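Chains as they are written, first to last, in our numbering: chain R, 1 to 377; chain P, 1 to 319.
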Ligand SMILES: Cc1ncc(C[n+]2csc(CCOP(=O)(O)OP(=O)(O)O)c2C)c(N)n1
């Protein structure tokens, strides 16, 4: 029997064309007023965020090449998806990232040097979410954070901290993961739990087309956005290289979540322009044509064209570039100052409460090291 | 013991409204072993959650709930079904406090009905506790009596660390006294539950009943066996065990789990290291075989019996 060819499609919601014209696709019409209500400072902030993110990428890659980082995880190309969605969140929201959302963390108030500490091998976590804009730790086991996010959102709901009608306090959860991660069982289980408990949560998938070397077509026969619908939640596919639609769609989804209307799912179509990480060689698995196709859809060029058409000045763009350069050089300088933790750190915080093995082994290591240092037999 | 755990859970639910029970079929049904019977009716379905059928999902969402300040108590339906949650338990739950530099804790209890002797089918009779005792960041305990179960479940829930709470399901039905007034010993302490002078035997969970039977038989034959109940598998409290070995000079370690690379192996190695000069015989292990749990019709051949324990005791005495 010949397998039947079936076509599954979903519209891609877009506000800005690749040329930078504000021309909403039919499904995006409703978002227009949200954008029109934004002031110039906010619109300019989106641009600043995106150029900072891109600049930081260069710094991170260089630090890795110089042997200062074990790994760098680039986000060149994904700036619009990340900046728009992050700027749509409110301070009381909780963000659960995977490991590529450096600019999201920065927008939430995280010092990026903390991230470099992790990639430098100085820490396994590096920050306290409660003191860093509720931006939770990076997760290296793919998709496991989707469940933590869902549990957290269930907790918000059980606490009565969403759906009260007070936009100043109602909270929601925004969770990021990639197209490859959608194949993990945890990603599906998270959708089941979120839908069952109507958790205040937004699932934000950055479909950057590749999971290391495996194309999204190997992860899914359907547009990923159909996944959410299959679990019973509103699902949307957006142009992830359009910062305006990323902002508007996430903002609406978060507002619905906060106001008690349950979870939703956003697939942001984007592209990872560089390597997966500095350990990767993308020339082995993808074509120049494909990269060129996406380069024409660059999120920063497109948005800049629109800002220019609205009258943004050359000085503004220059100042944004300067700011990005300053951030990057500051981060670079401070990243090099991240120190090696003390050896006692190995045993610290493995448990919350005293644990005899930790005490015993720490004491043993101390005595062993002292034996060398003191030259004692 | 099942009723003692129910009573302990009820106390914990009453004492702290952040305590939540989560699991499959734990609501109106009360769990397949009825351990949560009546609790949803008493505390409501926002405290006792019948979850979707997804073990990784249960543990993973419990982690998020713990981050939010809740104290989830999870029921895994049967021992053999904990593995879909293995990743969340070992790579996430066990390391969350560490990765957060101690700024959060993970007060989650995972209740696992475990072990054989109930004549059940594949994946319903296993003893997977060593996987978790091998994982830093987790605590692992197993009660052997209703009294211990009642107190240990409450202490486990009060612990700010994740606790794997292994309930020996063959001991759910036998009755025993519970002293409601005092808790006895701390959660992570082992203890001598029967004194003897010739040989020490040590075990946990359902094996304790086998060891006590063996001690009875040996007593009739003139051999005095001391029985130590581990109660906690991570951390292991070696004090009472080493003192006992100091007195008897001989140790037999018994468990339902496979013998290789197990809790019993760990104890044998540690006692050999720390009590070498007290020992008059090598530490001997009695366990099931290193095979999958066989069809239930063969389980009495497979699981350590009082006779198999006594055979090891005889070997120890023969040195
Ligand atoms: C459970 C698990 N399996 C494998 C890996 C190794 N790994 C790291 S990133 C990655 C690809 C992830 O792709 P995707 O989810 O699309 O995210 P992206 O990196 O493209 O943003 C793989 C296979 C991992 N971290 N976790």
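Cβ atoms here follow ideal geometry from the backbone N, Cα and C, with glycine treated the same way. All values reported here derive from a predicted model rather than from experimental measurement.
For residue i, tell me which candidate among the options has the shortest Cα-Cα distance.
i	options	result
residue 62(R)	193(R), 83(R) and 278(R)	278(R)
residue 219(R)	243(R), 204(R), 180(R) and 138(R)	180(R)
residue 309(R)	248(R), 43(R) and 165(R)	43(R)
residue 98(P)	70(P), 80(P), 162(P) and 312(P)	162(P)
residue 125(P)	142(P), 78(P) and 276(P)	78(P)
residue 106(R)	140(R), 148(R), 93(R) and 52(R)	52(R)
residue 228(R)	252(R), 214(R) and 188(R)	188(R)
residue 55(R)	142(R), 369(R) and 323(R)	323(R)
residue 270(P)	259(P), 258(P), 260(P) and 283(P)	283(P)
residue 168(R)	124(R), 92(R) and 367(R)	92(R)
residue 285(R)	148(R), 131(R), 340(R) and 209(R)	209(R)
residue 123(P)	226(P), 259(P), 14(P) and 80(P)	80(P)
residue 158(P)	259(P), 203(P), 13(P) and 315(P)	13(P)
residue 244(R)	8(R), 26(R), 47(R) and 7(R)	47(R)
residue 190(P)	211(P), 238(P) and 200(P)	238(P)
Who are the Cβ neighbours of residue i in its own chain at under 8 Å, not counting the five residues just before and after it?
i	result
residue 274(R)	57, 61, 74, 76, 77 and 282
residue 82(P)	55, 76, 89, 110, 112 and 128
residue 57(P)	51
In chain order, what residues of the same chain have a beta carbon less than 6 Å from the beta carbon of residue i, not counting five sequence neighbours either side?
i	result
residue 194(R)	150, 201 and 263
residue 171(P)	1 and 206
residue 5(P)	35, 149 and 153
residue 214(P)	306, 309 and 310
residue 81(R)	206, 240, 246, 268 and 270
residue 160(P)	105 and 107
residue 250(R)	85 and 88
residue 198(R)	262
residue 292(P)	none
residue 234(R)	264
residue 338(R)	117, 120 and 122
Could you pull out every residue in the same chain whose Cβ sits closer than 7 Å to the Cβ of residue i, ignoring the five residues on either side in sequence?
i	result
residue 297(P)	none
residue 169(P)	33, 113, 114, 115 and 118
residue 377(R)	Its pLDDT being 47, under 50, residue 377(R) is placed unreliably by the model, and the measurement read from it follows with that caveat. Correct list: empty, nothing qualifies.
residue 18(P)	69, 70 and 71
residue 225(R)	10, 235, 236, 237, 265 and 267
Starting from residue i, trace the beta strand (DSSP E) both ways and give me its first and last residue.
i	result
residue 106(R)	Here residue 106(R) belongs to no beta strand (DSSP E); instead the alpha helix (DSSP H) covers 102-107.
residue 269(R)	264-269
residue 132(P)	Counting along the chain, residue 132(P) falls outside any beta strand (DSSP E), though it belongs to the alpha helix (DSSP H) covering 129-133.
residue 246(P)	Counting along the chain, residue 246(P) falls outside any beta strand (DSSP E), though it belongs to the alpha helix (DSSP H) covering 239-248.
residue 23(P)	19-23
residue 350(R)	Run containing residue 350(R): none; DSSP gives neither H nor E here.
residue 200(P)	199-203
residue 228(P)	225-229
residue 237(R)	235-239
The alpha helix (DSSP H) spanning residue i covers which residue range?
i	result
residue 367(R)	356-373
residue 47(R)	40-65
residue 94(R)	From DSSP, residue 94(R) is part of no alpha helix (DSSP H) but of the beta strand (DSSP E) over 94-96.
residue 250(R)	243-258
residue 270(P)	263-274
residue 6(P)	2-15
residue 291(R)	288-295
residue 309(R)	299-309
residue 78(R)	Element bounds for residue 78(R): n/a, residue is neither H nor E.
residue 150(P)	146-158
For residue i, is the beta carbon positioned less than 6 Å from some heavy atom of ligand 2?
i	result
residue 181(R)	This structure does not include ligand 2; its bound ligands are ligand 1.
Residues, ordered as in the chain, of the region 31-64 of chain P that lie near chain R by beta-carbon distance below 7 Å: 46, 52, 54, 56, 57, 60, 61, 62, 63 and 64
What residues in the region 134-151 of chain R bring their beta carbon closer than 7 Å to a beta carbon of chain P? 137, 141, 144, 147, 148, 149, 150 and 151
Beta strand (DSSP E) runs wholly inside the region 138-217 of chain R, at least 3 long, in chain order: Taking 3 residues as the shortest admissible run, the region 138-217 of chain R contains the following complete beta strand (DSSP E) segments, listed from N- to C-terminal end: 173-178 and 201-207.
Contact residues within the region 223-256 of chain P, judged by C-beta distance below 7 Å to chain R: 235
Going along the region 136-161 of chain P in order, which residues come within less than 7 Å of chain R, judged by CB to CB distance? Under the 7 Å Cβ criterion, the region 136-161 of chain P contributes 136, 137, 159, 160 and 161.
Where in the region 50-106 of chain P do unbroken runs of the alpha helix (DSSP H), each at least 4 residues long, occur, reported from the N-terminal end onward? 55-67 and 96-99
Whole alpha helix (DSSP H) runs in the region 12-41 of chain R with 4 or more residues, listed along the chain? 32-36
Closer than 8 Å, Cβ to Cβ, to anything on chain P: give me those residues from the region 331-351 of chain R, in chain order. 348, 349, 350 and 351
The region 355-369 of chain R: which residues have C-beta closer than 9 Å to a C-beta of chain P, in chain order? 355, 356, 357 and 358
The region 99-129 of chain P: positions lying closer than 9 Å to chain R by Cβ: Listed by position along the chain: 99, 100, 101, 102, 103, 104, 105, 106 and 107.
Got a sec: which bits of the region 216-248 of chain R sit with their beta carbon under 8 Å from any beta carbon on chain P, in order along the chain? none
Below 9 Å between beta carbons is the criterion; list the residues of the region 65-78 of chain P that meet it against any residue of chain R, in chain order. Going along the region 65-78 of chain P in chain order, one finds 65, 66, 67, 68, 69, 70 and 72 with a Cβ nearer than 9 Å to chain R.
Contacting positions in the region 95-107 of chain R - beta carbon closer than 7 Å to chain P: none
Note down, in chain order, all residues in the region 177-191 of chain R with a beta-carbon under 8 Å from any beta-carbon belonging to chain P. 185, 186, 189 and 190
Contact list for the region 288-309 of chain R against chain P, Cβ threshold 7 Å: none
Chain P contacts from the region 116-136 of chain R (Cβ-Cβ distance under 9 Å): 123, 124, 125, 126, 127, 128, 129, 130, 131 and 136
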